[in-house]
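Here the structure is laid out as structure tokens; the discussion comes afterwards.
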Amino acid sequence: MPKVVKPIINYTARDFASIKQELTNYAQKYYPETFRDFNEASFGSLMLDMVAYVGDIISFYTDFQANESYLETALEFKNILKISKQFGYKFRPNASSFGEASFFVTIPSLPGLTSPDYSYAPVLKKGSTFSTTANQLFTLVEDVDFSETQDAILVGSTTPNGTAPERFALKAKGIVISGEVSFKTFNVENYEKFLSLFVDDQNITEILSVIDSNGNNYYEVDYLTQDVVYVPVLNTSDSKQYAKNIYKPISVPRRFTTEFSSAGATLQFGFGTEDNEEKVLDPTSMSLDIFGKNHITEKSIDPAVFTKTTKLGVVPSNTLLTVVYRRNTQATVNASVGSLSNVVSPNFTFFNETALLQQSVASVANSLELTNEKIISGEVSDITTKEIKLRTQGAYAAQNRAVTAEDYVSLCYNMPSNFGQVKKAKLLKDETSFSGKNLNLYVISTDSLGLLAETNDIVKQNLRSWINQYKMIGDTIDILDARIINLQVEFSVVSYANVNKFDVVNECIATLSNYYSGYTYDIGEPFKITDVYKVLNNIPSVVDTKLVTVTQRLGSNYSNYDVAYNDLISDDGRYLIAPKDAIFEIKFLSSDITGEVI
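All residue numbers for the sequence shown refer to the working numbering, where the first residue is 9 and numbers rise by one.
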């Protein structure tokens, strides 16, 4: 009986050339009498090429699919988002910017007196809209009561003879957010398990409310298993000056989750109905009271409570669903100082308006003016895939609690974009603290041009409220502005003799500008001078880079934080060492990068 020879297959051949070579060797070894035509122009060579071609494609897609299955090696944006979602990272492509606006109205004076008639002091209602000089729309998020203003009260105009005030100007401040309110309706017919609805608006920033035709409100939750949420209730007690809202827990049998993408937002519901949804949870039953204490303390969660519901919420059916959401009207959502000045759609109310003169009421309403005394900032640059990967790793490690410095930074980046966003954050221990548990959180944002700017107070307040949900009970957090160090780069290069020196200088400046454009240093990250040498030496018309000088840029358009250069430069002169609470920036690339050809 003849001995059967087992073919030897080389599994390391992965590309076209190696696969074809292995096929040729295989045919020559095992079919020496059957197949002998290995001429490049023969039909047999064509068959080998076709098989190698198919094998190369299969090998490529096998490697590609394997790479796209892991966060570190994934390249496709949509695949990165899918993997990030599995790790608990919530992607929001559009950010809102928060800020404070100053409003001015004029009201008449009391007849025969030199004091304002506060019966004409209006309330500017939330939802009023305003715009910047660049036509970016902003919406007021809280009522502004001019009768309770603590700001300036000035004489607006006097009588014709100038002896008495005729009108008084009142100033009040309110919080505004970028974007406008829009809505979309869905005609939901028969009952469908895990109903999913898509809001196709690329500029959507947040879902404000979801209401069906019967008046039932659906609440947004982080996960469908969450059936208790905290909602703000207006504080009408005497303590309202200290806390405008009171957060109270409510049970939400009607709920949904939201998944954002670059094309819009997807609303995901559960599969319960009015008949089969189990007992609604009482928020007070979620905690185990700790008796024997006369003060408010943390309560322990009773895990048995979560087994009382299995339907993941009531799904809408046979109704008309209205989704109200906020959307940005421009790509740039930040506003420079004084740019918010146009009144678009104001909404005024007056106390006991029927007893007032309608002509005076109209005059007060028409006198409204506004401005922003500070920048309104959030975020303008699109998040990169590298940033998504890093934030995902931080979100997964944090596990919805803040213990390490990385956890706090991850929370800053994962704050919902409708509360505003910061560009960079860094947590440092406060060395001056006596307790040793005080922490300093340094943050920085960007302005309407994408340049570094201090984070406004509203975003800081939102960030503090966001972090307080997750921080350790013994930690105290101070949110501070990171200091900006603006840099100027000067270089001297040697070029070839047959090229125009002016063209070489312009090419060097353009190459360096392109290299640093769109890149934002981290707080405390060093500036590598050797990178400038490397970029310049890679330019074909440059023979060698002789000298690179990096200095601090000061002036009216730059940061006023001055630091000694000797404190920044490293011992070997290769890089600049940033202070722990500072960040480097080449602010104006066209003018802050200069050079010469020697």
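All residues carry an ideal CB built from backbone N, CA and C; glycine is no exception.
Keep in mind the model is a prediction, meaning the values are calculated, not measured.
Alpha-carbon to alpha-carbon, residue j and residue i
{"i": "Thr193", "j": "Asp209", "result": "13 angstroms"}
{"i": "Asn494", "j": "Gly428", "result": "25 angstroms"}
{"i": "Asn350", "j": "Ser453", "result": "25 angstroms"}
{"i": "Tyr250", "j": "Val152", "result": "Here Tyr250 scores only 42 on pLDDT, less than 50, and its place in the model should not be relied on; the value that follows carries that caveat. Near 16 angstroms, if we compare the C-alpha coordinates of Val152 and Tyr250."}
{"i": "Ala433", "j": "Thr20", "result": "46 angstroms"}
{"i": "Ile258", "j": "Val239", "result": "7 angstroms"}
{"i": "Ile65", "j": "Arg44", "result": "27 angstroms"}
{"i": "Tyr61", "j": "Glu80", "result": "29 angstroms"}
{"i": "Val556", "j": "Asp570", "result": "21 angstroms"}
{"i": "Ala109", "j": "Thr553", "result": "50 angstroms"}
{"i": "Val501", "j": "Gly532", "result": "30 angstroms"}
{"i": "Ser139", "j": "Tyr527", "result": "30 angstroms"}
{"i": "Lys287", "j": "Thr281", "result": "Bear in mind that a pLDDT of 48 at Lys287, under 50, signals an unreliable position, so the number given afterwards is only what the model happens to contain. Rounded to the nearest angstrom, the two C-alpha atoms are 12 angstroms apart."}
{"i": "Tyr524", "j": "Phe95", "result": "31 angstroms"}
{"i": "Phe106", "j": "Ile475", "result": "17 angstroms"}
{"i": "Lys445", "j": "Ser564", "result": "38 angstroms"}
{"i": "Tyr504", "j": "Ile594", "result": "29 angstroms"}
{"i": "Pro311", "j": "Gln234", "result": "Summary for Pro311: the model assigns pLDDT 46, below 50, so the residue's position carries little reliability; its value from the coordinates is reported in the next sentence. Distance between the alpha carbons of Pro311 and Gln234: 12 angstroms."}
{"i": "Val372", "j": "Leu118", "result": "14 angstroms"}
{"i": "Val322", "j": "Gln477", "result": "27 angstroms"}
{"i": "Tyr34", "j": "Ala82", "result": "35 angstroms"}
Reduced DSSP secondary structure (H/G/I, E/B, other) of residue i
{"i": "Tyr39", "result": "coil"}
{"i": "Asn476", "result": "helix"}
{"i": "Asn422", "result": "helix"}
{"i": "Leu216", "result": "strand"}
{"i": "Asn302", "result": "Only weak support exists for where Asn302 lies, its pLDDT of 47 falling under 50; the value from the coordinates is given anyway. Three-state DSSP puts Asn302 in coil, outside helix and strand."}
{"i": "Asp552", "result": "strand"}
{"i": "Glu593", "result": "strand"}
{"i": "Tyr128", "result": "helix"}
{"i": "Thr32", "result": "helix"}
{"i": "Asn87", "result": "helix"}
{"i": "Lys201", "result": "coil"}
{"i": "Gly63", "result": "helix"}
{"i": "Ala21", "result": "coil"}
{"i": "Phe46", "result": "coil"}
{"i": "Lys468", "result": "helix"}
{"i": "Pro119", "result": "coil"}
{"i": "Glu108", "result": "strand"}
{"i": "Lys93", "result": "helix"}
Assumed close pair residue i, residue j - CB separation to whole angstroms, cut-off 8 angstroms
{"i": "Ile215", "j": "Ser104", "result": "That pair is no contact at about 13 angstroms."}
{"i": "Val451", "j": "Ile487", "result": "6 angstroms"}
{"i": "Thr340", "j": "Gln144", "result": "7 angstroms"}
{"i": "Tyr97", "j": "Asn422", "result": "7 angstroms"}
{"i": "Thr337", "j": "Gly187", "result": "7 angstroms"}
{"i": "Ser521", "j": "Leu597", "result": "4 angstroms"}
{"i": "Lys536", "j": "Tyr583", "result": "5 angstroms"}
{"i": "Phe264", "j": "Val218", "result": "7 angstroms"}
{"i": "Ala590", "j": "Ser347", "result": "Not quite, the Cβ-Cβ distance comes to about 28 angstroms (not below 8 angstroms), so this is no contact."}
Opposing strand residues paired with residue i [DSSP bridges]
{"i": "Arg334", "result": "Val189, Glu214"}
{"i": "Gln560", "result": "Leu495"}
{"i": "Lys432", "result": "Ile452"}
{"i": "Asn446", "result": "Thr484"}
{"i": "Gly458", "result": "For Gly458, which the question treats as bridged, DSSP gives no partner whatsoever."}
{"i": "Gly278", "result": "Note: Gly278 sits in no beta bridge, so no partner."}
{"i": "Pro173", "result": "Thr166"}
{"i": "Asp151", "result": "Asp151 pairs with nothing; no bridge assigned."}
{"i": "Glu439", "result": "Bridge partners of Glu439: none, in fact."}
{"i": "Pro257", "result": "Tyr238"}
Any non-hydrogen atom of the ligand FAD closer than 8 angstroms to residue i Cβ
{"i": "Val451", "result": "Ligands are entirely absent from the displayed structure, and the ligand FAD is therefore not among its contents."}
| request: Pick out the complete beta strand (DSSP E) segments inside the stretch 488–549, 3 residues or longer, and give them in chain order. | output: 491–503
| In the stretch 363–409, which residue ranges form an unbroken beta strand (DSSP E) of at least 3 residues, counting only runs that do not cross its ends? | 377–379
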